[in-house]
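Before any comments, here is the structure.
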Amino acid sequence: MTISPAFSHVGITVPNLPQAVDWYREVFGYYLLAGPLEVREDDSPLGRAATGIYGVGFTRFQFAHMASPDGSGFEVFQFDAPEYERPERNFEFWRSGVNHFAVTAKDVTALAAQVVAAGGRQRSDVVVIDPDRGFEIVYCEDPWGNVFEACSHPYTYMWSA
Numbered sequence: 001m002t003i004s005p006a007f008s009h010v011g012i013t014v015p016n017l018p019q020a021v022d023w024y025r026e027v028f029g030y031y032l033l034a035g036p037l038e039v040r041e042d043d044s045p046l047g048r049a050a051t052g053i054y055g056v057g058f059t060r061f062q063f064a065h066m067a068s069p070d071g072s073g074f075e076v077f078q079f080d081a082p083e084y085e086r087p088e089r090n091f092e093f094w095r096s097g098v099n100h101f102a103v104t105a106k107d108v109t110a111l112a113a114q115v116v117a118a119g120g121r122q123r124s125d126v127v128v129i130d131p132d133r134g135f136e137i138v139y140c141e142d143p144w145g146n147v148f149e150a151c152s153h154p155y156t157y158m159w160s161a
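Each residue of the sequence shown is one higher than the one before, counting from 1 in full-length UniProt numbering.
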């Protein structure tokens, strides 16, 4: 029997957790479910679990559980060690790993303007995928370089034949 998991959430790393929580509240309308929570590299159940995931040397991190208005999960992390480094090239699309996350916004142009006004970046022009149906996308970044795509319509609606 095949297990078919449903999408749950995405997690990002930032250098300042409170700023990022505020940014995603203000710009995306996300709300805080829990946190900020603290995890230390110790023998507590969470400490042992985190060491199993991140290895030895993270010392301590904080994270917050957020959700979008439609209930999609969003986790934000801030690690104490090693010290945060924003990569010079934050969008190495040719490498294995997460390429971007995506959100749905009826007016992607307005969302991109909102992102820029709040300190983020618009990476691409607004691209019209299907002019007859009004499908548009735009790529942006939050102030910490996390890349996301804004789509004018739900994913399955845009890409089903």
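For glycine and all other residues, C-beta sits at the position ideal for the given N, C-alpha and C.
If you draw a straight line from the Cα of alanine 102 to the Cα of glutamate 41, it is about 32 Å long. Within a 10 Å sphere around the beta-carbon of glutamate 92 sit fewer than 16 other beta-carbons, which makes this residue exposed. Looking at the DSSP output, aspartate 130 shares a beta bridge with Phe135. Per DSSP, the unbroken beta strand (DSSP E) holding threonine 13 starts and ends at 9-13. Taken atom to atom, the span from the alpha-carbon of alanine 81 to that of histidine 65 is near 21 Å. When only Cα atoms are considered, aspartate 22 and arginine 89 end up about 25 Å apart.
Judged by DSSP in its simplified three-state form, alanine 113 adopts helix. Nearest neighbour of histidine 9 by Cα position, chosen from Glu136, Asp70, Pro18, Glu141, turns out to be Asp70.
Ranked by how close their Cα comes to the Cα of valine 14, the residues Phe61, Tyr54, Val39 have Phe61 in first place.
In the DSSP assignment, alanine 49 falls within the alpha helix (DSSP H) that extends over 45-54.
Burial check for tryptophan 159: the Cβ neighbour count within 10 Å stays below 16, so the residue is exposed. Taking the Cα of alanine 67 as reference, the smallest distance to any Cα among Pro87, Tyr30, Arg48 is reached at Tyr30. Threonine 59 carries a coil assignment under DSSP once its states are collapsed to helix, strand and coil.
Using a Cβ distance threshold of 8 Å, tyrosine 157 and histidine 100 do not count as a contacting pair.
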